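Please read the structure below before turning to the comments.
2 protein chains.
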Amino acid sequence: MPEIIPEDSVGLVSPQTIPFSDPLTLSCGRTLDKYDLRVETYGQLNESFSNAVLICHALSGDHHAAGYHSMDDRKPGWWDSSIGPGKPIDTNHFFVVCLNNLGGCHGSSGPVEANPETGKPWGPDFPVVTVDDWVESQVRLADHLGIQQWAAIVGGSLGGMQVLEWTIRYPDRVRHAAVIASAPKLSAQNIAFNEVARQAIMSDSEFHGGRYQEKGTIPSKGIGLARMVGHITYLSDEAMKAKFGRELKKEYLSFDYDAEFQVESYLRYQAQEFSKRFDANSYLLMTRALDYYDPASRYNHNLVEALSEAKARFLVISFTTDWRFSPERSEEIVDALHAARKEVTYLKVDAPQGHDAFLMDIPRYTSALKAWMKHVAHESQQINEAGVQS
Amino acid sequence: MPEIIPEDSVGLVSPQTIPFSDPLTLSCGRTLDKYDLRVETYGQLNESFSNAVLICHALSGDHHAAGYHSMDDRKPGWWDSSIGPGKPIDTNHFFVVCLNNLGGCHGSSGPVEANPETGKPWGPDFPVVTVDDWVESQVRLADHLGIQQWAAIVGGSLGGMQVLEWTIRYPDRVRHAAVIASAPKLSAQNIAFNEVARQAIMSDSEFHGGRYQEKGTIPSKGIGLARMVGHITYLSDEAMKAKFGRELKKEYLSFDYDAEFQVESYLRYQAQEFSKRFDANSYLLMTRALDYYDPASRYNHNLVEALSEAKARFLVISFTTDWRFSPERSEEIVDALHAARKEVTYLKVDAPQGHDAFLMDIPRYTSALKAWMKHVAHESQQINEAGVQS
Numbered sequence: 025m026p027e028i029i030p031e032d033s034v035g036l037v038s039p040q041t042i043p044f045s046d047p048l049t050l051s052c053g054r055t056l057d058k059y060d061l062r063v064e065t066y067g068q069l070n071e072s073f074s075n076a077v078l079i080c081h082a083l084s085g086d087h088h089a090a091g092y093h094s095m096d097d098r099k100p101g102w103w104d105s106s107i108g109p110g111k112p113i114d115t116n117h118f119f120v121v122c123l124n125n126l127g128g129c130h131g132s133s134g135p136v137e138a139n140p141e142t143g144k145p146w147g148p149d150f151p152v153v154t155v156d157d158w159v160e161s162q163v164r165l166a167d168h169l170g171i172q173q174w175a176a177i178v179g180g181s182l183g184g185m186q187v188l189e190w191t192i193r194y195p196d197r198v199r200h201a202a203v204i205a206s207a208p209k210l211s212a213q214n215i216a217f218n219e220v221a222r223q224a225i226m227s228d229s230e231f232h233g234g235r236y237q238e239k240g241t242i243p244s245k246g247i248g249l250a251r252m253v254g255h256i257t258y259l260s261d262e263a264m265k266a267k268f269g270r271e272l273k274k275e276y277l278s279f280d281y282d283a284e285f286q287v288e289s290y291l292r293y294q295a296q297e298f299s300k301r302f303d304a305n306s307y308l309l310m311t312r313a314l315d316y317y318d319p320a321s322r323y324n325h326n327l328v329e330a331l332s333e334a335k336a337r338f339l340v341i342s343f344t345t346d347w348r349f350s351p352e353r354s355e356e357i358v359d360a361l362h363a364a365r366k367e368v369t370y371l372k373v374d375a376p377q378g379h380d381a382f383l384m385d386i387p388r389y390t391s392a393l394k395a396w397m398k399h400v401a402h403e404s405q406q407i408n409e410a411g412v413q414s
Numbered sequence: 025m026p027e028i029i030p031e032d033s034v035g036l037v038s039p040q041t042i043p044f045s046d047p048l049t050l051s052c053g054r055t056l057d058k059y060d061l062r063v064e065t066y067g068q069l070n071e072s073f074s075n076a077v078l079i080c081h082a083l084s085g086d087h088h089a090a091g092y093h094s095m096d097d098r099k100p101g102w103w104d105s106s107i108g109p110g111k112p113i114d115t116n117h118f119f120v121v122c123l124n125n126l127g128g129c130h131g132s133s134g135p136v137e138a139n140p141e142t143g144k145p146w147g148p149d150f151p152v153v154t155v156d157d158w159v160e161s162q163v164r165l166a167d168h169l170g171i172q173q174w175a176a177i178v179g180g181s182l183g184g185m186q187v188l189e190w191t192i193r194y195p196d197r198v199r200h201a202a203v204i205a206s207a208p209k210l211s212a213q214n215i216a217f218n219e220v221a222r223q224a225i226m227s228d229s230e231f232h233g234g235r236y237q238e239k240g241t242i243p244s245k246g247i248g249l250a251r252m253v254g255h256i257t258y259l260s261d262e263a264m265k266a267k268f269g270r271e272l273k274k275e276y277l278s279f280d281y282d283a284e285f286q287v288e289s290y291l292r293y294q295a296q297e298f299s300k301r302f303d304a305n306s307y308l309l310m311t312r313a314l315d316y317y318d319p320a321s322r323y324n325h326n327l328v329e330a331l332s333e334a335k336a337r338f339l340v341i342s343f344t345t346d347w348r349f350s351p352e353r354s355e356e357i358v359d360a361l362h363a364a365r366k367e368v369t370y371l372k373v374d375a376p377q378g379h380d381a382f383l384m385d386i387p388r389y390t391s392a393l394k395a396w397m398k399h400v401a402h403e404s405q406q407i408n409e410a411g412v413q414s
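Residue numbers (my numbering), protein chains in the order written: chain Y, 25 to 414; chain P, 25 to 414.
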């Protein structure tokens, strides 16, 4: 909990729930007649609406990207290191929008929210959504906010896939696109880890075919296991070594299966905490959206062709020890952008933290993102001044 | 199932169960008053007992390393590619011994076998055993067979740790030591994956604190999940890509959580098969033995010091795409052996298969092991001839 709000924080923030009633047909063929999106915004929209930045969240993220909901909050939003006055995504210059994606479990329509047709939680009946569906819902959000073109769309990991999809699907509505620690599609190994997570959830005896809410329970062991597997893939071998090594909790071995090594305690704690804050059905949805994303599949499996109509200027960032989405995966995007003759800045950041690096304040990363966003801000201001003058 | 037994096979083989009644005090402090070891041997012991080779098995291995138990067997033993007449571990020259380790589930004393004191299966009451305990039990086996000194001890992965421990603990009883795709201790990431496997097993509602046999059930989902996690770490990203890519089972996406991608089906099948053949309590034991092994910890955390008394000539082999026990982990052993002025041949094999490579017939690997074992055979013969003459 912050004793005082830091000066470079967006401060106390409140999310809002925006209802949409224009039916949205999803990739799976089903239609959501009505849905809500839970949204947070930071900073002020300028007169010409030219300074809006969309932040797309990753697997377990939500709309609360920066600041605090109350003075009792233990931690700020998930990307507070990058969003705030004077920070890379500078709220003195930008109007920043972040939403909980459809199918999430933090206020947007999804498994834990009520199905308007029945008044009961959707549970496993909420449709399987895709990255494409998220972009479509984000377009509706942009329309609602009056934003015709985003100054930038920024996202890491699964968030980066949404950024990529925006540039392919709505080339005129994105001026700059930052794709961080991401990939143009999952590998077999990525899908395999997701499958383990899903099997862990679905085989939990408290899962009840996804209808655990009706039974007044949650598959906490399954969702905890899913988190443990995920967590291992977010950290590099190196980071785990530095953080835990083979340190024991006690001085001696206990010859049983209690948590003896520090890394075991850490994972058990992470599992327990996650099971309290994340819905199992949402986790299934998020992992499936990851599995399915493969924009090149619509273009003869040619990523260059997929990106041929993109108009955004790109920033692609990878981290040396990220083995979930390795630098090679980012470089597939960079190579395709080059081949499609797009403007792209690529940065491979030397960082020991693994995939999680994208959420951290790493000097080289932070300063590169800051410099790039400064250009974005400058251009937004020029557009604004031209608009105000005309 | 073999229609005819191949010429380079050890053929039809039968395991034997050897009872030991000299009490064995384990690392945990508990004592096994009596225990059985399930053993297979291939080839003939020579007059001077100088041609015996011990094979140490890995996590899910057993005593059945080569040949067939019956003409109905679908597959030969787990290392049939390397053991047989004319194969690297040539049964025309060697007397090869392989045992199911204590705590295993294929005939040696362990959780599925009867506790002689109660007449009921040990279940979770079987003591947690270590690599050191296995070596001690293997020493008893050597004594029983009259083998004072092994011509070679050979093992991959967890098997390699047993080989290493033999050279440290019984330097006079090992002439040659082959440590393949192994490590001198687990990393935090290795332990983390083991912890996920254990949590998957222990949180299965059919686990019943390990007393599932008494309840007439097995925690098949938990052991299946453990296998899925393990399996992902046995294969390289590259191997998974080549084997499965993003291939779908059907032509279209089904927008649910059935196994849609080939890699999902494969893992589910592996999980199911493994749960039929491997005991969950044994899996817990085997992973704990892996976690605990750290010979340097007894020598001021100095591996060079740990290996200072070793007398064996070493062969260390690693595989380029093995990320479970990467080449760097083998090189820690090689570097320590060099620093301790031991004779060591090191080979890093360029292979796309990941950790599983150590079980495969990869030409460069097979021929290197064959050449090295030829020297071992030659020396064994010389010793035999000298012994027979004297």
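For glycine and all other residues, C-beta sits at the position ideal for the given N, C-alpha and C.
For clarity, every value in this text was computed on a predicted model and none was experimentally measured.
Around the C-beta of P/Tyr276, fewer than 16 other C-beta atoms lie within 10 Å, and the residue is accordingly described as exposed. In the same chain as Y/Ser299, and ignoring 5 residues on each side of it, the C-beta atoms closer than 6 Å to its own belong to Ser244, Ile247, Gly248, in chain order.
For the options Y/Ala205, Y/Arg164, Y/Ile192, the alpha carbon positioned closest to that of Y/Gly183 is the one of Y/Ala205.
Among the residues of chain Y, those whose CB is under 9 Å from the CB of P/Arg222 are Tyr281, Glu288, following chain order.
Residue pairing by DSSP places P/Pro43 opposite P/Asp60 in a beta bridge.
Listed by position along chain Y, the residues whose Cβ is nearer than 7 Å to that of P/Cys52 are Phe279.
With a 10 Å radius around the Cβ and a threshold of 16 neighbouring Cβ atoms, Y/Asn116 comes out exposed. Looking at Y/Gln377, Y/Ile357, Y/Asp380, Y/Ala364, the one whose alpha-carbon comes closest to that of Y/Tyr370 is Y/Ile357.
DSSP, read as helix, strand or coil, puts P/Trp396 in helix. At a cut-off of 3 residues, the continuous stretches assigned as beta strand (DSSP E) that sit fully inside the region 96-124 of chain P are 119-123. For the region 144-156 of chain Y, the set of positions with a beta-carbon nearer than 8 Å to some beta-carbon of chain P reads Pro151, Val152 in chain order. Inclusion of Y/Ser260 and Y/Gly180 in the CB contact set at 8 Å is not warranted, their separation being larger than that value.
Closer than 8 Å to the CB of P/Tyr370 there is not a single CB belonging to chain Y. Judged by DSSP in its simplified three-state form, P/Pro145 adopts strand. Distances from the CA of P/Lys265 to each of Y/Ala313, Y/Asp280, Y/Gln213 were compared; the closest alpha carbon is that of Y/Gln213. No Cβ-Cβ contact shorter than 8 Å links P/Leu50 with P/Asp196.
At least one beta carbon of chain P lies nearer than 8 Å to the beta carbon of Y/Phe285. Straight-line spacing of the CA atoms in Y/Asp104 and Y/Thr142 works out to 38 Å. For Y/Thr257, the enclosing alpha helix (DSSP H) begins and ends at 244-258.
Scanning its chain for C-beta atoms nearer than 7 Å, with the 5 sequence neighbours on each side dropped, one finds no residue around Y/Lys267. When secondary structure is reduced to three states using DSSP, Y/Ala313 falls in the helix class.
In chain Y, no part has a C-beta under 7 Å from the C-beta of P/Phe298; the shortest such distance is about 13 Å. Excluding the 5 residues flanking it on each side, P/Ile177 has same chain C-beta neighbours closer than 6 Å at Leu78, Val187, Trp190, Val198, Ala201, in chain order. Spatial neighbours of Y/Ser278 in its own chain (CB-CB distance under 7 Å, excluding positions within 5 residues in sequence) are listed in chain order as Glu284. DSSP, reduced to helix, strand and coil, places Y/Thr191 within a helical segment of the structure shown. Going by DSSP, Y/Val153 is part of no alpha helix (DSSP H) at all; its letter is neither H nor E. According to the DSSP assignment, Y/Lys372 belongs to the beta strand (DSSP E) that extends over 368-373.
In the three-state reduction of the DSSP assignment, Y/Ala401 falls in the helix class.
DSSP, read as helix, strand or coil, puts P/Thr241 in coil.
By the neighbour-count criterion, in which a residue is buried when 16 or more other Cβ atoms sit within 10 angstroms of its Cβ, Y/His87 is buried. Interface criterion met: the Cβ of P/Arg270 is under 8 Å from a Cβ in chain Y. Counting along the chain, no alpha helix (DSSP H) covers P/Ser132, and no H or E run does either. Residue range 351-363 is occupied by the alpha helix (DSSP H) that includes Y/Ala360. Residue-level contact by beta carbon holds for P/Ile215 and chain Y, with a gap shorter than 8 Å.
Those residues of the region 243-254 of chain P placed with their C-beta closer than 7 Å to a C-beta in chain Y are Lys245, Leu249, Met252, Val253, ordered along the chain. Sixteen is the threshold: since fewer than 16 other Cβ atoms of the shown chains lie within 10 Å of the Cβ of Y/Ser45, the residue is exposed.
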